[in-house]
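Everything below concerns the one structure shown next.
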Amino acid sequence: MFDFISFIPRAVVQGVPLLFGSTGETLTEKSGNLNLGIPGVMYVGGICGVIGAFLYEQSLPDKALISPVLAVAIPLLCCLLGSLLMGLIYCFLTVTLRANQNVTGLALTTFGTGIGNFFGGSLIKLSGSDVPSIALSATSGFFHRSLPFAGKLGWFGKIFLSYGFLAYLAVAVALISARILRRTRVGLHLRAVGESPNTADAAGINVVRYKYAATCIGSMIAGLGGLYYVMDYASGVWSNNAFGDRGWLAIALVIFTIWRPDVGVLSSFLFGGLYILHMYIPSGMNLAVKELYKMIPYVVTIIVLVITSMRNKRENQPPQSLGLAFFREER
Amino acid sequence: MQNEKREPLIHISRRGEISWQRAFAIRALAIVLALVVCAAVCVIMTGENPLSIYGTIWQGSFGSKRKIWVMLQEIAMLLCISLAVTPAFRMRFWNVGGEGQSLAGCLACAACMILLRGILPNGLLIPVMLIASVLAGAIWGVIPAYFKAKWNTNETLFTLMMNYVATQLVAFFCVVWESPRGSGQIGVINLNTELGWLPTVGGQKYLLNVVIVALLCVAMHVYLRYSKHGYEITVVGQSIKTAHYVGIKVEKVIVRTMFLSGALCGLAGFLLTAGTNHTLTTTLVSGRGFTAVMVSWLAKFNPIVMILTSFLLVFLERGAGEIATNFRLNESFSDILTGIILFFIIGCEFFVTYRIHFRRGDSEAKIHV
Numbered sequence: 006m007f008d009f010i011s012f013i014p015r016a017v018v019q020g021v022p023l024l025f026g027s028t029g030e031t032l033t034e035k036s037g038n039l040n041l042g043i044p045g046v047m048y049v050g051g052i053c054g055v056i057g058a059f060l061y062e063q064s065l066p067d068k069a070l071i072s073p074v075l076a077v078a079i080p081l082l083c084c085l086l087g088s089l090l091m092g093l094i095y096c097f098l099t100v101t102l103r104a105n106q107n108v109t110g111l112a113l114t115t116f117g118t119g120i121g122n123f124f125g126g127s128l129i130k131l132s133g134s135d136v137p138s139i140a141l142s143a144t145s146g147f148f149h150r151s152l153p154f155a156g157k158l159g160w161f162g163k164i165f166l167s168y169g170f171l172a173y174l175a176v177a178v179a180l181i182s183a184r185i186l187r188r189t190r191v192g193l194h195l196r197a198v199g200e201s202p203n204t205a206d207a208a209g210i211n212v213v214r215y216k217y218a219a220t221c222i223g224s225m226i227a228g229l230g231g232l233y234y235v236m237d238y239a240s241g242v243w244s245n246n247a248f249g250d251r252g253w254l255a256i257a258l259v260i261f262t263i264w265r266p267d268v269g270v271l272s273s274f275l276f277g278g279l280y281i282l283h284m285y286i287p288s289g290m291n292l293a294v295k296e297l298y299k300m301i302p303y304v305v306t307i308i309v310l311v312i313t314s315m316r317n318k319r320e321n322q323p324p325q326s327l328g329l330a331f332f333r334e335e336r
Numbered sequence: 002m003q004n005e006k007r008e009p010l011i012h013i014s015r016r017g018e019i020s021w022q023r024a025f026a027i028r029a030l031a032i033v034l035a036l037v038v039c040a041a042v043c044v045i046m047t048g049e050n051p052l053s054i055y056g057t058i059w060q061g062s063f064g065s066k067r068k069i070w071v072m073l074q075e076i077a078m079l080l081c082i083s084l085a086v087t088p089a090f091r092m093r094f095w096n097v098g099g100e101g102q103s104l105a106g107c108l109a110c111a112a113c114m115i116l117l118r119g120i121l122p123n124g125l126l127i128p129v130m131l132i133a134s135v136l137a138g139a140i141w142g143v144i145p146a147y148f149k150a151k152w153n154t155n156e157t158l159f160t161l162m163m164n165y166v167a168t169q170l171v172a173f174f175c176v177v178w179e180s181p182r183g184s185g186q187i188g189v190i191n192l193n194t195e196l197g198w199l200p201t202v203g204g205q206k207y208l209l210n211v212v213i214v215a216l217l218c219v220a221m222h223v224y225l226r227y228s229k230h231g232y233e234i235t236v237v238g239q240s241i242k243t244a245h246y247v248g249i250k251v252e253k254v255i256v257r258t259m260f261l262s263g264a265l266c267g268l269a270g271f272l273l274t275a276g277t278n279h280t281l282t283t284t285l286v287s288g289r290g291f292t293a294v295m296v297s298w299l300a301k302f303n304p305i306v307m308i309l310t311s312f313l314l315v316f317l318e319r320g321a322g323e324i325a326t327n328f329r330l331n332e333s334f335s336d337i338l339t340g341i342i343l344f345f346i347i348g349c350e351f352f353v354t355y356r357i358h359f360r361r362g363d364s365e366a367k368i369h370v
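Here's what the structure looks like:
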């Protein structure tokens, strides 16, 4: 019998970084920017949180003195700041300097992954402390803390209440983004900017400001995915390249959800499930087949990509000016 | 106030023509600025003086004869994949799947080396390996191209996903063919018999790869510049409507060009597995498929200029690697430096394409930058 009660929480935990990433990328893409730097942004978000937490923990003489508020606030702020800077770099290059978005995004990913792995590997040496590895179990404890009565509620508690606060934040951010995009004037303007910046400009919308805002906020949301991964999922232990290809999967998820963050909530958990499905499919001693199961999320993405392009429904298409720079004088 | 015309502080317009000297000067300035910023970052991290850091970077590529050859090999492999993705880019087909296409080539090559050893003589085995690798890469490239041509499926994400499918496929076969048993790795294939290894030319392990890629570079330049196919690719890239109008079959051009693109990536995989590494791992291509996108774009899709851009990136990567080893920093340091330099080069293109006019007191006289 397939063990759903242990499977679903693990799928959700896997899905939360993807949900943050895809919500952030959806906002970005709605403004017409295809930010392929999201994997890098998520690395930076994660490592900035780690640096903040590490310095804070090191500055305390005793681990028992750690204040819950600061232990959560410092990594959170560092993470948001780091991802904001990444978003600004991307915006400055693509919006202000009108550089090619694909190339800028890939460069940003190289840069961000480099920052993550570099500081992950050298933080101890650079800060001159004498700990063997970065293990922020104290900080992670605060991120991981779930409601006190969750354990008493049996399977219900396990499936719905066993997560740290960032997981619920991810769902909330996704739902709020979906509402803003569909129901508010700001969302309407943002969509207009993504579909046809020239029309938006003619209607008096400040295209550049919208692009900057959407991309930077999107980056900050995506960065939280990195923070969640290292603080909650990985229990505060940073290991290089452990985050892996989740950033690309988050970008794929944007298409899977046809640019709707509310659809993203369930689909990211589904993707999380696909990501760990190989641990749940009985394959006996045959280790090789497990590698083939790990292919499933990517194959599913490809299939969705193909099907949405085949059906060619108007409301399911990417923003029309996605990937194109806006230059007012060039109408 | 209302009647007075307000002029913005900065006004930007597209340049008509720019002399190549001027464009070159802008780009050189960007690289110099980037190097200064990189040195500053290095100084902050290591506390050394900047001059010795530049020295270390130089040492990383030109420190010894062996290092020079390693650098040449790295340039050759990066250039090969960059050349492969270029025809697709000229067609505005964003093939970010060079990684997967090359890996497919590596996989096919290793498969032949393992399954056909002892069955075919070496003289026949190597051509079979070559054909298998090229075909495997081509198939990996044609799949997204077919869907792009038929249903306009987003190729950036399709090719990206194909990378991971290829990676997992390789991981699968790494376990299937593992040696020794239980290690989950393949190790060096045919270590004792050297079956399926490309011959060493001129006493240098890497010379053959370098020569092949150099020839490929010239051939690609001719193909894109002087052949009918090259013309069709350019037209499709510039305007699909024009292409339809002049009677070019756009779908056919897309599939054909991606076949070529994938095939050349497969060739790169062949050179990696049969020529130098003689093994198969999931990280064999080591991100070159992504770096190639930048090499190609920085060179404005010109194969000859790509020699320069791939040299630049490899030089910096090896230099930063040297800094990392010397100062016992993490080797990802090179990614940070590469990132910084790319940002500067990407950014400077703006100043090549556009012209900035600053407002002055009287609107007649304007400063042109």
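Quick note, the sequences are listed as chains A and B, same order. With the first sequence counted from 1, adding 5 to any position gets you my numbering. With the second sequence counted from 1, adding 1 to any position gets you my numbering. Glycine included, C-beta positions come from ideal geometry on N, C-alpha and C.
- Flag this pair as yes or no: are the beta carbons of His-296 (chain B) and Leu-317 (chain B) separated by less than 8 Å? Residue identity differs from the one stated: residue 296 (chain B) is Val in this sequence, not His. No, the pair does not count as a contact, with Cβ atoms beyond the cut-off.
- Query: From the DSSP output, which residues share a beta bridge with Val-242 (chain A)?
  - Reply: A:Ala-140
- Going along the chain, which residues of the stretch 220–246 of chain B sit with their C-beta nearer than 8 Å to a C-beta in chain A? none
- Query: What is the C-beta distance between Tyr-95 (chain A) and Phe-248 (chain A), in whole angstroms, given that I count them as a contact (C-beta under 8 Å)?
  - Reply: With 8 Å as the limit, Tyr-95 (chain A) and Phe-248 (chain A) do not qualify as a contact, their Cβ atoms being about 19 Å apart.
- Query: Closest to Leu-216 (chain B) by CA distance: which of B:Thr-258, B:Leu-265, B:Gly-238, B:Leu-170 is it?
  - Reply: B:Leu-265
- Item | Phe-25 (chain B) at chain A interface by Cβ criterion, 8 Å | no
- Which bits of chain B does Val-213 (chain A) rub up against, with CB to CB less than 9 Å? Residues of chain B passing the Cβ test: none, with the nearest at roughly 12 Å.
- Query: For Ile-19 (chain B), which of helix, strand or coil comes out of DSSP?
  - Reply: coil
- Query: Short check: CB of Met-92 (chain B) to CB of Cys-110 (chain B), under 8 Å?
  - Reply: no
- Query: Listing by chain order, which chain B residues have their CB less than 7 Å from the CB of Gly-126 (chain A)?
  - Reply: Asn-331, Ser-333
- Given Ser-333 (chain B) as reference, the closest of A:Met-91, A:Val-17, A:Phe-116 once Cα atoms are compared: A:Phe-116
- Message: With distance defined between alpha-carbon atoms, name the residue in A:Phe-161, A:Gly-192, A:Arg-103, A:Val-311 nearest to Pro-266 (chain A).
- Response: A:Gly-192
- Through-space distance from Phe-90 (chain B) to Val-223 (chain B), alpha-carbon basis: 16 Å
- Message: In the DSSP output, which residue or residues are listed as bridge partners for Ile-11 (chain B)?
- Response: B:Phe-359
- Query: What are the start and end residues of the alpha helix (DSSP H) that includes Asp-206 (chain A)?
  - Reply: 202–207
- Pick out whichever of A:Phe-331, A:Phe-332, A:Ala-255 has its Cα sitting closest to the Cα of Pro-302 (chain A). A:Ala-255
- Using a Cβ cut-off of 8 Å (strictly closer), state whether Ala-40 (chain B) contacts chain A. no
- Item | Neighbour flag for Glu-350 (chain B) against chain A, beta carbons, 8 Å | yes
- Return no unless some Cβ of chain A is closer than 8 Å to the Cβ of Ala-109 (chain B). no
- Query: Under 8 Å, do Thr-144 (chain A) and Glu-200 (chain A) count as touching if we go by C-beta distance?
  - Reply: no
- Item | DSSP state of Arg-214 (chain A) mapped onto helix, strand, coil | helix
- Give a yes or no on whether 8 Å exceeds the smallest Cβ distance from Ala-35 (chain B) to chain A. no
- Task: Counting only runs of 4+ residues fully inside the stretch 36–92 of chain A, write out the alpha helix (DSSP H) ranges in chain order.
- Result: 43–64
- Compute the Euclidean distance between the alpha carbons of Val-166 (chain B) and Glu-18 (chain B), then round it to the nearest angstrom. 45 Å
- Query: Hey, out of A:Lys-68, A:Ser-72, A:Gly-45, A:Thr-99, whose CA is closest to Ser-88 (chain A)'s CA?
  - Reply: A:Gly-45
- Query: Using a Cβ-Cβ cut-off of 8 Å (strictly less than) and excluding sequence neighbours within five positions of Trp-160 (chain A), which residues of its own chain qualify?
  - Reply: Ile-10
- Have a look at Val-178 (chain A) and Glu-30 (chain A) and give me their C-alpha separation to the nearest angstrom. 13 Å
- Tell me, please, whether the CB atom of Trp-253 (chain A) is closer than 8 Å to any CB atom in chain B? yes
- Item | Contacts that Arg-103 (chain A) makes with chain B (C-beta to C-beta distance below 7 Å) | Phe-351
- Message: One question on the structure: do Leu-310 (chain A) and Thr-154 (chain B) come within less than 8 Å of each other, judged by their Cβ atoms?
- Response: yes
- Query: Buried or exposed: Tyr-246 (chain B), going by 16 or more other Cβ atoms within 10 Å of its Cβ?
  - Reply: exposed
- Task: Give a yes or no on contact between the stretch 260–279 of chain A and the stretch 110–129 of chain A, applying the rule of three or more CB pairs nearer than 8 Å.
- Result: no
- Item | Ala-143 (chain A) Cβ short of 7 Å to the ligand GTP heavy atom set | With respect to the ligand GTP, the structure offers nothing, as it holds no ligand at all.
- Count the other CB atoms within 10 Å of the CB of Arg-251 (chain A); is the residue buried (16 or more) or exposed (fewer)? buried
- Alpha-carbon spacing of Asn-210 (chain B) relative to Tyr-232 (chain B), whole angstroms: 29 Å
- Message: Contact criterion: CB-CB distance below 8 Å. Does Ala-175 (chain A) meet it with respect to chain B?
- Response: no
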